[in-house]
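These notes concern the structure reproduced below.
Numbering (the numbering used here), first residue to last: 129 to 588.
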């Protein structure tokens, strides 16, 4: 009746379900397959790229299953949580017997098991009583725990060490749990965002990479200054942002950051990731008469219409771009504007900053170029928070220690049986271990040789 009650107990049934090694294998295989999918399908790309690649129908299905941000999806997190519970229950299920064996004060020894294991024997002419005082100190120096038992024909010395190493595998289990928990903590409580800050300005929020939503910060990030150096080829060599963290308007931290040298504050990491130029608000334009060489200078603001000198119409700067391509060539920074003559149709103009003669191709009487503009940079920052990192690091360290114990250390047990047999004393040295049996055999031979030498000294 009691057995039926236990088997019908839902709590007991649930415990047995989570204690299944088959469940562990199934969960690991499922996570492996889904991880491959997450590697094959690019994560957190633009929706338009996914629609172009997979079509609208598959895009909707994948998006519904969070395939495009798989590692933050509810079902992936559920699998990790499920695996964590499974490992915890499996460890507890098998830990009780190991725990009792490791922390017992009076371990039991079965001499029959030693007699059936690897052993080394040698005879001696001394009585067991004479050998007892010699053998016990030798064995005690090599093994942490020793005890001696009297027998009808002599005595037996039992010794062991490394009993605690049986917990190495559970340290590995705990490290895996910590790694999984660290991932879950980072997934639920962390974020990964970015922000562009023009020089001299501050922000108190970032845009999340996964969702595009705004993530508020408990402090402000101000970009005091930005500088960039270039190689001779024009490629950026190094860029540096002078940042200050503000709490309630008061600076608390100042730091110059470059790539791979972030600012860390209150568990949040601020990385240098990109840079660019801010759209200039004021531009000084040159209008040069092609025939006379007369130059007229005018200030213009983006979006503001101005009169062209010599009553040649109106001009307005519509847009600024940091990179303009013309017939396959990158002209760099440029302004895009619209020129409206007094008696003609509006025409679009491109005015590159680095090519003042570019407008000559238009064959107009007035050539338009940029004399100067306010050039201001913005710094592109990656802002991340992952409170699970310390837990993950702890898991890695524990895994290394646990693997070292589990693979390179063992629970070693030794038996030295001394008994009178006929006119001689027979000495048997036997050893058993839970792993590395060849190493234990070599250790047993060395102990047998050492005891034989000690007995030989006594003989002399």
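A virtual CB, placed ideally from N, CA and C, is assigned to each residue, including glycine.
Only a predicted model underlies this, so the values are computations on that prediction, with no experimental measurement involved.
Exposed or buried, what is residue 505 when buried is set at 16 or more other beta-carbons lying within 10 Å of its beta-carbon?
Start at 1 with the first residue of the chain shown, and residue 505 comes out as number 377. Per the 10 Å Cβ criterion, buried.
To the nearest angstrom, how far is the alpha carbon of residue 229 from that of residue 331?
Along the chain shown, read from residue 1 onward, the residue named residue 229 stands at position 101. Along the chain shown, read from residue 1 onward, the residue named residue 331 stands at position 203. Looking at the two C-alpha atoms, the distance is approximately 59 Å.
Between the CA atoms of residue 156 and residue 242 - distance to the nearest angstrom:
In the chain shown, counting from the first residue as 1, residue 242 sits at position 114. In the chain shown, counting from the first residue as 1, residue 156 sits at position 28. In a straight line, the C-alpha of residue 242 is about 39 Å away from that of residue 156.
Measuring straight from C-alpha to C-alpha, what distance separates residue 473 and residue 455?
Your numbering for residue 473 matches position 345 in the chain shown. Your numbering for residue 455 matches position 327 in the chain shown. The straight-line gap from Cα to Cα measures roughly 24 Å.
Assuming residue 147 and residue 300 form a contact by the criterion Cβ under 8 Å, report the distance between their Cβ atoms to the nearest whole angstrom.
Your numbering for residue 147 matches position 19 in the chain shown. Your numbering for residue 300 matches position 172 in the chain shown. Not really, about 18 Å apart at Cβ, beyond 8 Å.
Below 8 Å between beta carbons: does that hold for residue 655 and residue 548?
The structure shown does not extend to residue 655, since the chain spans only 129 to 588, so no value can be given for it.
With which residues is residue 397 paired in a DSSP beta bridge?
By 1-based counting over the chain shown, the position of residue 397 is 269. The partner list for residue 397 (beta bridge, DSSP) reads 392 and 512.
What do you reckon, are the CB atoms on residue 313 and residue 519 nearer than 8 Å?
Stepping through the chain shown from its first residue, residue 313 is reached at position 185. Stepping through the chain shown from its first residue, residue 519 is reached at position 391. Their beta carbons are under 8 Å apart, which means residue 313 touches residue 519 by this criterion.
Integer-rounded CB distance, given that residue 459 should sit under 8 Å from residue 424
Indexing the chain shown from 1 puts residue 424 at position 296. Indexing the chain shown from 1 puts residue 459 at position 331. Going by Cβ atoms, the distance from residue 424 to residue 459 rounds to 24 Å, so no, they are not a contact pair.
Alpha carbon to alpha carbon, how far is residue 296 from residue 225?
Walking along the chain shown from the start, residue 296 turns up at place 168. Walking along the chain shown from the start, residue 225 turns up at place 97. Looking at the two C-alpha atoms, the distance is approximately 15 Å.
Are the CB atoms of residue 336 and residue 320 nearer to each other than 8 Å?
To locate residue 336, count along the chain shown from 1; it is residue 208. To locate residue 320, count along the chain shown from 1; it is residue 192. Cβ distance < 8 Å, so residue 336 and residue 320 count as in contact.
Start-to-end residues for the alpha helix (DSSP H) that takes in residue 527:
Residue numbering aside, residue 527 sits at position 399 when the chain shown is read from its first letter. Counting along the chain, the alpha helix (DSSP H) containing residue 527 begins and ends at 517-536.
Between 142, 411, 258 and 287, which lies nearest to residue 221 when the distance is taken from Cα to Cα?
Numbered from its first residue, the chain shown carries residue 221 at position 93. Comparing Cα-Cα distances from residue 221 to each of 142, 411, 258 and 287, the minimum goes to 142.
Please classify residue 134: does DSSP put it in a helix, a strand, or coil?
Within the chain shown, numbered from 1, the residue matching residue 134 stands at position 6. Caution applies to residue 134, whose pLDDT of 46 falls short of 50 and renders its modelled position unreliable; the model cannot decide the point.
In the DSSP assignment, find the alpha helix (DSSP H) that holds residue 154 and state where it starts and stops.
Here residue 154 corresponds to residue number 26 of the chain shown, with the count starting at 1. Per DSSP, residue 154 is one residue of the alpha helix (DSSP H) stretching across 149-168.
For the candidate residues 516, 372, 565 and 579, whose alpha-carbon lies nearest to that of residue 317?
As a position in the chain shown, residue 317 is number 189, starting the count at 1. For residue 317, the nearest C-alpha among the options comes from 516.
Which residues bound the beta strand (DSSP E) around residue 364?
Taking the chain shown and counting its residues from 1, one reaches residue 364 at position 236. Residues 364-375.
Residue 448 to residue 496, Cα distance in whole Å?
Numbered from 1 along the chain shown, position 320 holds the residue referred to as residue 448. Numbered from 1 along the chain shown, position 368 holds the residue referred to as residue 496. Going from the Cα of residue 448 to the Cα of residue 496 covers about 16 Å.
Within the same chain, show all residues whose beta-carbon is closer than 8 Å to that of residue 77, passing over the 5 residues directly before and after it, in chain order.
The chain is shown only over 129 to 588; residue 77 falls outside these bounds and no answer can be derived.
For residue 215 and residue 206, what's the separation of their Cα atoms in angstroms?
In the chain shown, counting from the first residue as 1, residue 215 sits at position 87. In the chain shown, counting from the first residue as 1, residue 206 sits at position 78. Rounded to the nearest angstrom, the two C-alpha atoms are 14 Å apart.
Give the secondary structure of residue 171 by DSSP, where H, G and I count as helix, E and B as strand, and everything else as coil.
Stepping through the chain shown from its first residue, residue 171 is reached at position 43. Secondary structure of residue 171 (DSSP, three-state): coil.
Please classify residue 605 as buried or exposed, where buried requires at least 16 other C-beta atoms within 10 Å of its C-beta.
One cannot answer for residue 605 here, as it falls past the ends of the chain, which runs 129 to 588.
Mark residue 371 as exposed unless 16 or more other C-beta atoms lie within 10 angstroms of its C-beta, in which case mark it buried.
Here the question's residue 371 lines up with position 243 in the chain shown. The residue is buried, with at least 16 neighbouring Cβ atoms inside 10 Å.
Taking the alpha helix (DSSP H) that residue 221 belongs to, which residues open and close that run?
Mapped onto the chain shown, residue 221 falls at position 93. Unbroken alpha helix (DSSP H) run through residue 221: 202-231.
What would DSSP say about residue 468, mapped onto helix, strand or coil?
The count along the chain shown starts at 1 and reaches residue 468 at position 340. Residue 468: strand per DSSP, three-state reduction.
Of the residues 349, 417, 512 and 368, the one placed nearest residue 381, counting alpha carbons only
As a first step, residue 381 must be located in the chain shown, where it is residue number 253. Nearest option by C-alpha distance: 349.
Compute the Euclidean distance between the alpha carbons of residue 264 and residue 536, then round it to the nearest angstrom.
Counted from its first residue, the chain shown places residue 264 at position 136. Counted from its first residue, the chain shown places residue 536 at position 408. Cα to Cα, the separation comes out at about 27 Å.
Skipping 5 residues on each side, what residues in its chain have a beta carbon closer than 8 Å to that of residue 133?
As a first step, residue 133 must be located in the chain shown, where it is residue number 5. For residue 133, the pLDDT reaches just 48, beneath the cut-off of 50, and the residue's location in the model is therefore unreliable, leaving the point undetermined.
Quick one, are the C-beta atoms of residue 172 and residue 197 less than 8 Å apart?
Locating residue 172 in the chain shown gives position 44, where the first residue counts as 1. Locating residue 197 in the chain shown gives position 69, where the first residue counts as 1. Yes, Cβ-Cβ distance for residue 172 and residue 197 is below 8 Å.
Distance, residue 378 Cα to residue 167 Cα:
The residue given as residue 167 occupies position 39 in the chain shown. The residue given as residue 378 occupies position 250 in the chain shown. When rounded, the distance between both Cα atoms is 44 Å.
Can you grab the Cα-Cα spacing for the pair residue 475 / residue 190, in whole Å?
Residue numbering aside, residue 475 sits at position 347 when the chain shown is read from its first letter. Residue numbering aside, residue 190 sits at position 62 when the chain shown is read from its first letter. The alpha-carbon atoms of residue 475 and residue 190 are separated by roughly 46 Å.
Sheet register partners of residue 461 (DSSP bridge):
Counting from 1 along the chain shown, the entry for residue 461 is found at position 333. Per DSSP, none; premise fails for residue 461.
Contact between the region 560-572 and the region 273-282 is defined here as three or more beta-carbon pairs at a separation below 8 Å; is this criterion met?
Touching, no.
For the beta strand (DSSP E) that contains residue 439, what are its first and last residues?
As a position in the chain shown, residue 439 is number 311, starting the count at 1. Premise fails: residue 439 is in no beta strand (DSSP E) and is neither H nor E.
Assuming residue 493 contacts residue 417 (C-beta within less than 8 Å), just tell me the rounded distance between them.
For the purposes of this step, residue 493 is identified with residue 365 of the chain shown, where counting begins at 1. For the purposes of this step, residue 417 is identified with residue 289 of the chain shown, where counting begins at 1. With 8 Å as the limit, residue 493 and residue 417 qualify as a contact, their Cβ atoms being about 6 Å apart.
Do you know how far the Cα of residue 514 is from the Cα of residue 389?
Residue 389 sits at position 261 when you count from the first residue of the chain shown. Residue 514 sits at position 386 when you count from the first residue of the chain shown. Distance between the alpha carbons of residue 389 and residue 514: 17 Å.
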